[in-house]
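Written out below as structure tokens is the structure these notes cover.
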Amino acid sequence: MSERLSAGADNRVVSRGYVGRWRDIDEAPDLPDAAAFLVADNTEAIRAVWQHVLHADRRETLVAARSRIGAEQEQGFREFGLAVVRPPDVQPALLDRPAEPGRIWLLTSGSTGRPKQVAHTLDSLTTVGTDQPPRTWLCPYATGAYAWWQVVTLSIQVPGQDVVFVEPDEIDAWPALAEQHGVTAASGTPTFWRQAIFRAVDTLSRVPLRQVTLGGEPVDQAILDRLHEVYPDARISWIYASSEAGAAIAVHDGQAGFPTAWLDRETPGRPRLSVQDGELVIASAKAAEGMDAQIHTGDRAEIVGDRVLITGRIASDEINVGGSKASASGVRAVLLAHPAVAWAAVKGRRAPLVGNVVTAQVVLSGDATEADLLAWCNARLPDYSVPRRLRVLPEIPIKESLKSDV
Amino acid sequence: MTTLPRDQVRSMMGEVLAAQGKELPAEDGALLETIGFRSLDFSELALRVEDELDEELNFDAPGLRSIETVGDVLTFIDQLQQA
Numbered sequence: 001m002s003e004r005l006s007a008g009a010d011n012r013v014v015s016r017g018y019v020g021r022w023r024d025i026d027e028a029p030d031l032p033d034a035a036a037f038l039v040a041d042n043t044e045a046i047r048a049v050w051q052h053v054l055h056a057d058r059r060e061t062l063v064a065a066r067s068r069i070g071a072e073q074e075q076g077f078r079e080f081g082l083a084v085v086r087p088p089d090v091q092p093a094l095l096d097r098p099a100e101p102g103r104i105w106l107l108t109s110g111s112t113g114r115p116k117q118v119a120h121t122l123d124s125l126t127t128v129g130t131d132q133p134p135r136t137w138l139c140p141y142a143t144g145a146y147a148w149w150q151v152v153t154l155s156i157q158v159p160g161q162d163v164v165f166v167e168p169d170e171i172d173a174w175p176a177l178a179e180q181h182g183v184t185a186a187s188g189t190p191t192f193w194r195q196a197i198f199r200a201v202d203t204l205s206r207v208p209l210r211q212v213t214l215g216g217e218p219v220d221q222a223i224l225d226r227l228h229e230v231y232p233d234a235r236i237s238w239i240y241a242s243s244e245a246g247a248a249i250a251v252h253d254g255q256a257g258f259p260t261a262w263l264d265r266e267t268p269g270r271p272r273l274s275v276q277d278g279e280l281v282i283a284s285a286k287a288a289e290g291m292d293a294q295i296h297t298g299d300r301a302e303i304v305g306d307r308v309l310i311t312g313r314i315a316s317d318e319i320n321v322g323g324s325k326a327s328a329s330g331v332r333a334v335l336l337a338h339p340a341v342a343w344a345a346v347k348g349r350r351a352p353l354v355g356n357v358v359t360a361q362v363v364l365s366g367d368a369t370e371a372d373l374l375a376w377c378n379a380r381l382p383d384y385s386v387p388r389r390l391r392v393l394p395e396i397p398i399k400e401s402l403k404s405d406v
Numbered sequence: 001m002t003t004l005p006r007d008q009v010r011s012m013m014g015e016v017l018a019a020q021g022k023e024l025p026a027e028d029g030a031l032l033e034t035i036g037f038r039s040l041d042f043s044e045l046a047l048r049v050e051d052e053l054d055e056e057l058n059f060d061a062p063g064l065r066s067i068e069t070v071g072d073v074l075t076f077i078d079q080l081q082q083a
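First to last, the sequence lines map onto chains P and E.
Here the first sequence is numbered in the UniProt record's numbering, starting from 1 and rising by one per residue.
Here the second sequence is numbered in the UniProt record's numbering, starting from 1 and rising by one per residue.
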């Protein structure tokens, strides 16, 4: 075994198939240096990651949940020069080339265009380098996603940062898992947190979280306030990060968005943030390799008072209702502000005469009728933005990405 | 495909108007402009019909025509269902 162990080698790792320190994870048998690990669960994933850490001087690695990879994409990996490893099976690469030492490939869902592989290293994925209070982190993110790597690299690189992985089929039961393993910090999407509060607020309040982190989707004030009610003593952080732009914004004051004072500011080591035509634009040293100096994120940024709010995707936000432009994120924000609404999704739906109408799905945490919600919207939105079809769902739909595509 | 009878569509039209605090008159000849039934209301009605049928209507097929009265709406929805 290599002696170049990382600073977090003694941190504890808990997955469904492994409980122990990073340093005690079994080394895999000899594998090709350049490999895409298509893993069945987090236990296989952490073995692949640790293999990379031990031999970063020669390894090139991609880790992805095998459920997310189709046959065509798998073939693409092999033609790109990566062996495909479905532990313990190995399919050799179809292109013979030397591995790029230290390279880690992430698969992006395509926030800046077509889905593609983006190039990182352990260093570019590590966004917290300073001393941290000892924490046990929950990692519920999809295996191999950028947010998953952020938690993983934090645990590998920073002493005292243990990690507990949650499999997709354990998501509903994570508060019990967290309680069992002494989790004190958790990072999830706003949808993840909404669902947790909706389903198990009593169990949730028994998990003594000191750090609550949200990212991956627009974060509104209502979910921040609700989390503060559940965890009044915890630090509540919002992180804006993507595979392409890296971790660019971290806000810890419990307020939605980030201060306008951060715009167009040059601070050594920090990304430069700007708003161009209503879009968040980032220039960052932590971006993936090969990105433009300025990354157009595709996310809508609105300046409200002294805050910049990230409200949703530009491409999918606008609903053309008979020539009037309704904002899906704006309607969603109004619905979420209703005290009885736990979750909301807003979309356009094709309709005669006006082209599209606004429709909504909601999950309620209190008493409200459809008529109540429509009256609420009527009082706050222009006529064309008021949802014309509104469906109440029994529970919050959630995907493996922990997002709701809202 | 199954189609909704005109009476049922008329009653759904009444529900759309009721949600706006308005009433649907009994006469098919009543002008939409007079009763305040707008394009958005018509669209909502079409979607209600879709949801009831659990099937998408082909909005392109019937083509646009002049819709001025309650009866025009009911006829148009009928055409949408037949398309």
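Cβ atoms here follow ideal geometry from the backbone N, Cα and C, with glycine treated the same way.
In chain E, which residues lie less than 8 Å from residue i when you measure between Cβ atoms?
{"i": "D10 (chain P)", "result": "Ordered by position in chain E, no residue passes the 8 Å Cβ test against D10 (chain P), which lies about 58 Å from the chain."}
{"i": "V362 (chain P)", "result": "Here the premise fails: no neighbours, minimum Cβ distance about 16 Å."}
{"i": "Y384 (chain P)", "result": "L40"}
{"i": "R389 (chain P)", "result": "E44, L47, R48 and D51"}
{"i": "V357 (chain P)", "result": "L40, S43, E44 and L47"}
Which bits of chain P does residue i rub up against, with CB to CB less than 9 Å?
{"i": "F42 (chain E)", "result": "A351, P352, L353 and V354"}
Assuming residue i and residue j form a contact by the criterion Cβ under 8 Å, report the distance between their Cβ atoms to the nearest whole angstrom.
{"i": "A36 (chain P)", "j": "V85 (chain P)", "result": "7 Å"}
{"i": "L374 (chain P)", "j": "V363 (chain P)", "result": "The Cβ separation is near 16 Å, so there is no contact."}
{"i": "A31 (chain P)", "j": "R66 (chain P)", "result": "Note on identity: in this sequence residue 31 (chain P) is Leu, with Ala being the wrong assignment. Not quite, the Cβ-Cβ distance comes to about 16 Å (not below 8 Å), so this is no contact."}
{"i": "A241 (chain P)", "j": "G215 (chain P)", "result": "6 Å"}
{"i": "L353 (chain P)", "j": "S39 (chain E)", "result": "4 Å"}
{"i": "A328 (chain P)", "j": "V346 (chain P)", "result": "4 Å"}
If you reduce the DSSP assignment to three classes, tell me which class residue i lands in.
{"i": "E395 (chain P)", "result": "coil"}
{"i": "F258 (chain P)", "result": "strand"}
{"i": "G269 (chain P)", "result": "coil"}
{"i": "R332 (chain P)", "result": "helix"}
{"i": "L53 (chain E)", "result": "helix"}
{"i": "H120 (chain P)", "result": "strand"}
{"i": "D172 (chain P)", "result": "helix"}
{"i": "I69 (chain P)", "result": "coil"}
{"i": "R210 (chain P)", "result": "coil"}
{"i": "S6 (chain P)", "result": "coil"}
{"i": "N320 (chain P)", "result": "strand"}
{"i": "S365 (chain P)", "result": "coil"}
{"i": "V49 (chain P)", "result": "helix"}
{"i": "R199 (chain P)", "result": "helix"}
{"i": "S39 (chain E)", "result": "helix"}
{"i": "T112 (chain P)", "result": "Low per-residue confidence applies at T112 (chain P): pLDDT is 47, beneath 50, and the placement is therefore not dependable, though the value from the model is reported in the following sentence. It is coil, neither helix nor strand."}
{"i": "S155 (chain P)", "result": "helix"}
{"i": "A178 (chain P)", "result": "helix"}
{"i": "Y18 (chain P)", "result": "strand"}
{"i": "R97 (chain P)", "result": "coil"}
{"i": "G355 (chain P)", "result": "strand"}
Please list the partners that residue i has in chain E, where partner means a Cβ-to-Cβ separation under 9 Å.
{"i": "G322 (chain P)", "result": "S39, L40 and S43"}
Can you say whether residue i is buried or exposed, counting buried as having 16 or more other CB atoms within 10 angstroms of its CB?
{"i": "G113 (chain P)", "result": "Legend: pLDDT at G113 (chain P) = 47, less than 50; position of this residue unreliable, value from coordinates given subsequently. Exposed, because fewer than 16 other Cβ atoms sit within 10 Å of the Cβ of G113 (chain P)."}
{"i": "Q157 (chain P)", "result": "buried"}
{"i": "R12 (chain P)", "result": "buried"}
{"i": "A293 (chain P)", "result": "exposed"}
{"i": "Q361 (chain P)", "result": "buried"}
{"i": "R21 (chain P)", "result": "exposed"}
{"i": "L390 (chain P)", "result": "buried"}
{"i": "A196 (chain P)", "result": "buried"}
{"i": "I396 (chain P)", "result": "buried"}
{"i": "L95 (chain P)", "result": "exposed"}
{"i": "K286 (chain P)", "result": "buried"}
{"i": "V16 (chain E)", "result": "buried"}
Cβ closer than 7 Å: which chain P residues qualify as neighbours of residue i?
{"i": "L24 (chain E)", "result": "Residues of chain P passing the Cβ test: none, with the nearest at roughly 17 Å."}
Given 6 Å as the limit, tell me if residue i has its C-beta closer than that to any heavy atom belonging to the ligand MG.
{"i": "G257 (chain P)", "result": "Summarising the ligand content, the structure contains no ligands, and the ligand MG is consequently not present."}
According to DSSP, what are the bridge partners of residue i?
{"i": "V90 (chain P)", "result": "P:V85"}
{"i": "H296 (chain P)", "result": "P:V281"}
{"i": "D162 (chain P)", "result": "P:T136"}
{"i": "Y240 (chain P)", "result": "P:I249"}
{"i": "V183 (chain P)", "result": "DSSP lists no partner for V183 (chain P)."}
{"i": "L62 (chain P)", "result": "P:A36 and P:W105"}
{"i": "I310 (chain P)", "result": "P:A301"}
{"i": "Q276 (chain P)", "result": "P:E279"}
{"i": "W343 (chain P)", "result": "P:V363"}
{"i": "L390 (chain P)", "result": "P:A360"}
{"i": "S327 (chain P)", "result": "P:E318"}
{"i": "V13 (chain P)", "result": "P:G20 and P:V163"}
{"i": "G188 (chain P)", "result": "P:L214"}
In chain E, which residues lie with their C-beta within 7 Å of the C-beta of residue i?
{"i": "L374 (chain P)", "result": "A19"}
Do we get a CB-CB distance below 7 Å when we pair residue i with the residues of chain A?
{"i": "G36 (chain E)", "result": "The chain inventory of the structure shown lacks chain A, comprising the protein chains P and E."}
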